[in-house]
Every structure is written in C-alpha cells, then in structure tokens.
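Student:
In the numbering used here, the protein residues as written are 111 to 449.
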C-alpha cells in the first residue's frame, strides 16, 4: 500500500538521522557553522551535508527510496545547525507551493495562545474555559464541565472523545462544543479531539480581540519572515484551530526552528522559553499511539528524542534538539493516519 510506503520512508529517514550520528564523522559542535550566527528570516543559507556533520549518502538514499516506493511525498526539507542541507520537491510541487498543514496547525495555534498568556491576555492554562464565553447558556452542565480548563484542551483531555461529527455542520462551533455532554472527566485521560484545538483558537481571539491568524501574523509569522500564509476561519470568523494553515515547506521549517531554538529568534523571545519546554514534554499516557506521547499540541517522539507537529496525509515538522535538526515532510496520502 502506498500509505505504508509513505510511513516507512518517513520513519526510516528520521530514525536514520537520529541513530546515524554515532557513526557520522563530525558532531554538531565541530560542524562548520560559520563565523557568526545568522537567522533565516530572509531565507535559509545553503550548506553541504558534510559541512554540517552529516552523511549525504543517507539523504540520497532517502530520495531513492521515495522514488522506488512511489511514496506520495511532495517535499522534503532538512535543516542542520541552521543551514539548509536538503531541499527536494516532487512534481508538480515547487518551492513556492503552499501546502495544507492540516493538524500541524495545532502547534502554531498553541504557540499563539502561549504568547497571549505571556502578554497577560490570559491568566494561565488553569483558567476555566467557560470564563471566556459568558454569553452562552451552556447545556449538559456539570461540575466537571464547569471546571474544565485550558490545560485540559491543550493536553487533549477535554472530556470529549470526538467532536468532529457534531462540529462539521455547525454554524457555531464554540456553542456546539460547549453544549456537548462530557464523555469522561476532563484531565483524567487522553483523547485526541479537533474541537479542543478549535476552542483554544476561540479563547485566543476572545482574549486578544484579534483572530488567532491576525495575532500569529503579528507575533510569529512576521518576525520569522513568513509572508505567504493562509489560515481560514469558521462561520463565526474564528481561525480554525484544528487545521487549515497553508504555507510553504521552507516556512514550515522556520516554525520548527523557532521551537528548536526554545522560542528565540534573532535576539527576540518570540514564544516564551518555558512554554516551549512545557509544550514539548509528554503528559498523559496515550496507549493507542505506541512510541508517541503528547504535549501541548505537539507529538513527543520517544524513539528519536524529539517532537513533531503532525498533520494528516503525511504533513510533518520534526524537531530533533539533540542533533540540531529540523525535518519537514509534505505529502498527499489519505490513508497514512489510519495505519
């Protein structure tokens, strides 16, 4: 199956990058990083893999595997030590093609919320969800629902198993979500739910007075030099928190690099450092996901000592801090996430 091929290519490549460092000739500290640190705001500087302590053979083998397995991968970006060591696009996709990030949007959405907390718009992640929506007369109320917090939404422990069907045809996603009866006590278990992420976007908008897209443009995209980006909204004008952002792969790598650098960018603290640390560690057990845990809208990779933004059909932003690596994949496989 092609979906299996995509999965195998992605996992094999990431594991080879992580595990292969023991036999590569140059560690990150010895790589040629240039005389001064630069920031890729205006674009990534190029480097050969070898100058950054990497084996170009591994990268070449990955490209050959994509072609041989006919994997539905659209682009691959590899950043090491802040340098672009691999950039590949597969027809008809090009450098300037914007890709649908799907659930990679969640990681950007959460970063914007973290900034809003730091700027005082939101008290903190233990603030109650209902504090932001006093205009709603909420149905199916219970003490547990009244106590549901931003933390519960961030950790995918909102009390809702799956809100997709309820929200898909709703003209008021926030109202519909608030009215859903709880399936479990918020905070007691993990359950991946797109509606929780959309509520985070709604909270950011309520708190800042700007859509999450507008706020993210000001606080994240503009400082990083990400200019060509789209982020649709629901029928109430709330930026879609669960998916929808569209951007180019090189810009996806910038967002990953921001988190690799603990939220810092060119002398500025864009995302609070503590927020980055808190977002990228595992909380509740997730028994159905094997080697993956979950942080604040980031997946935590146990095998490769890193974390990633994860979108359906093969969209990935992998961040491997131990090895100073960011890897971006875009793909078009509708079955990859059902495996």
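All C-beta atoms in this analysis are idealised placements derived from N, C-alpha and C, irrespective of residue type, glycine included.
1) Does the contact criterion of 3 or more C-beta pairs under 8 Å hold for the stretch 328-341 versus the stretch 292-299?
2) Cα-Cα, which of 177, 442, 345, 217 is closest to residue 280?
3) Could you tell me whether the Cβ atoms of residue 416 and residue 214 are closer together than 7 Å?
4) Closest to residue 190 by C-alpha separation, out of 429, 444, 308, 441, would be which residue?
5) Am I right that residue 347 and residue 321 are in contact with their C-beta atoms under 8 Å? What's the rounded C-beta distance?
6) Starting from residue 197, trace the beta strand (DSSP E) both ways and give me its first and last residue.
7) Sort 278, 262, 418, 180 by Cα distance to residue 310 and report the nearest one.
8) Quick one: residues in its chain with C-beta nearer than 8 Å to the C-beta of residue 142, no 5 flanking neighbours on either side, listed in chain order?
9) For residue 450, collect the residues of the same chain with a Cβ closer than 7 Å to its Cβ; drop the 5 residues on either side in sequence, then sort them by chain order.
10) For residue 438, list the residues DSSP reports as bridge partners.
11) Residue 74: which of 390, 384, 379 sits nearest, CA to CA?
12) Taking its Cβ as the centre, do 16 or more other Cβ atoms sit within 10 Å of residue 444, making it buried, or is it exposed?
13) Let me know if residue 319 comes out buried or exposed under the rule of 16 or more other beta-carbons within 10 Å of its beta-carbon.
14) Helix, strand or coil for residue 120 per DSSP?
15) Taking only the alpha-carbon atoms, compute the straight-line gap between residue 338 and residue 387 and give it to the nearest angstrom.
16) Where does residue 407 fall in DSSP's three states?
17) State yes or no: is the C-beta of residue 437 within less than 7 Å of the C-beta of residue 188?
18) Is residue 228 near residue 382, with beta carbons less than 7 Å apart?
19) What's the call for residue 412, buried or exposed, on a 16-neighbour Cβ count within 10 Å?
20) Tell me whether residue 152 sits in a helix, a strand or coil according to DSSP, three-state version.
21) Under the three-state reduction of DSSP, which class applies to residue 258: helix, strand or coil?
22) If I'm right that residue 335 touches residue 151 with Cβ under 8 Å, what's the distance once you round it to whole angstroms?
23) Tell me which same chain residues have a C-beta within less than 7 Å of the C-beta of residue 123, skipping the five on either side of it?
24) Please classify residue 440 as buried or exposed, where buried requires at least 16 neighbouring CB atoms within 10 angstroms.
25) Exposed or buried, residue 220, counting other C-beta atoms within 10 Å across all chains shown (16 or more means buried)?
26) From residue 120 to residue 246, what distance separates their C-alpha atoms?
27) Keeping to the same chain, check which residues put their C-beta closer than 6 Å to that of residue 385; ignore five residues upstream and five downstream.
28) Measure the C-alpha to C-alpha separation of residue 358 and residue 424 and round it to an integer number of angstroms.
29) Going by DSSP, name the residue or residues bridged to residue 417.
Tutor: In brief:
1) no
2) 345
3) no
4) Looking only at 429, 444, 308, 441, the smallest Cα-Cα distance to residue 190 is reached by 429.
5) 7 Å
6) 193-199
7) 262
8) With a pLDDT of 48 at residue 142, under the threshold of 50, the predicted position of this residue should be treated as unreliable, though the coordinate-derived value follows. The residues are 157, 161, 162.
9) With the chain running from 111 to 449 in the structure shown, residue 450 is simply not present.
10) 187, 427
11) Because the chain spans 111 through 449 in this model, residue 74 falls outside it and cannot be assessed.
12) exposed
13) That one is exposed.
14) helix
15) 28 Å
16) coil
17) yes
18) yes
19) Under the 10 Å beta carbon count, residue 412 is surrounded by fewer than 16 other beta carbons and is classified as exposed.
20) helix
21) coil
22) Their Cβ separation, rounded to whole angstroms, is 4 Å, which keeps residue 335 and residue 151 in contact under 8 Å.
23) 172
24) With 16 or more other CB atoms across the displayed protein chains lying within 10 angstroms of its CB, residue 440 is buried.
25) Residue 220 is buried by the Cβ-count criterion.
26) 44 Å
27) Here the set comprises 224.
28) Rounded to the nearest angstrom, the two C-alpha atoms are 15 Å apart.
29) 410, 429
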